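Note sheet for the following structure.
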């Protein structure tokens, strides 16, 4: 057996082993267990709870900025008061943007309704309580 045929043989064996590994990789998903789909209600309730937490943080941030604005006014700092007013606007936007994205999983309407009542425990349109499981 010549050196060249040995090199060709080893190259062919290497190519065959790579193709077997590729074939196993292609067929591997068929061997994996199928994961159940996440519950749509659980995902929607998590988004609503997140919107409520963001609204709570927003209200606390607004109250904190208001207290600091009073302190800035006492100190005579106009720039500080203006920056704190910008902070209040940022907290309002933060609270409202998360509230508008929350949709009821039961009726698919905005959970908090047109008047953003972010501390409501029931859907504004179908009155479904937060955390209710899928009725199916």
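In the working numbering, the protein residues as written are 12 to 147.
No residue lacks a Cβ here, since even glycine has one placed at the ideal position from N, Cα and C.
Owing to the predicted nature of the structure, the values given are computational and were not obtained by experimental measurement.
For residue i, the first and last residue of its enclosing alpha helix (DSSP H)
i: residue 89; result: 89 to 111
i: residue 67; result: 51 to 86
Spatial distance of residue i from residue j (CA atoms)
i: residue 138; j: residue 116; result: 12 Å
i: residue 45; j: residue 51; result: 18 Å
i: residue 71; j: residue 112; result: 21 Å
i: residue 85; j: residue 91; result: 11 Å
i: residue 106; j: residue 121; result: 15 Å
i: residue 142; j: residue 73; result: 28 Å
i: residue 83; j: residue 55; result: 41 Å
i: residue 130; j: residue 144; result: 20 Å
Selected residue, minimal CA-CA separation from residue i, among the options
i: residue 77; options: 62, 63 and 93; result: 93
i: residue 114; options: 65, 97, 136 and 64; result: 136
Integer-rounded CB distance, given that residue j should sit under 8 Å from residue i
i: residue 110; j: residue 62; result: 5 Å
Per DSSP, the bridge partner or partners of residue i
i: residue 138; result: BP columns for residue 138 are empty, so no partner.
i: residue 114; result: 121
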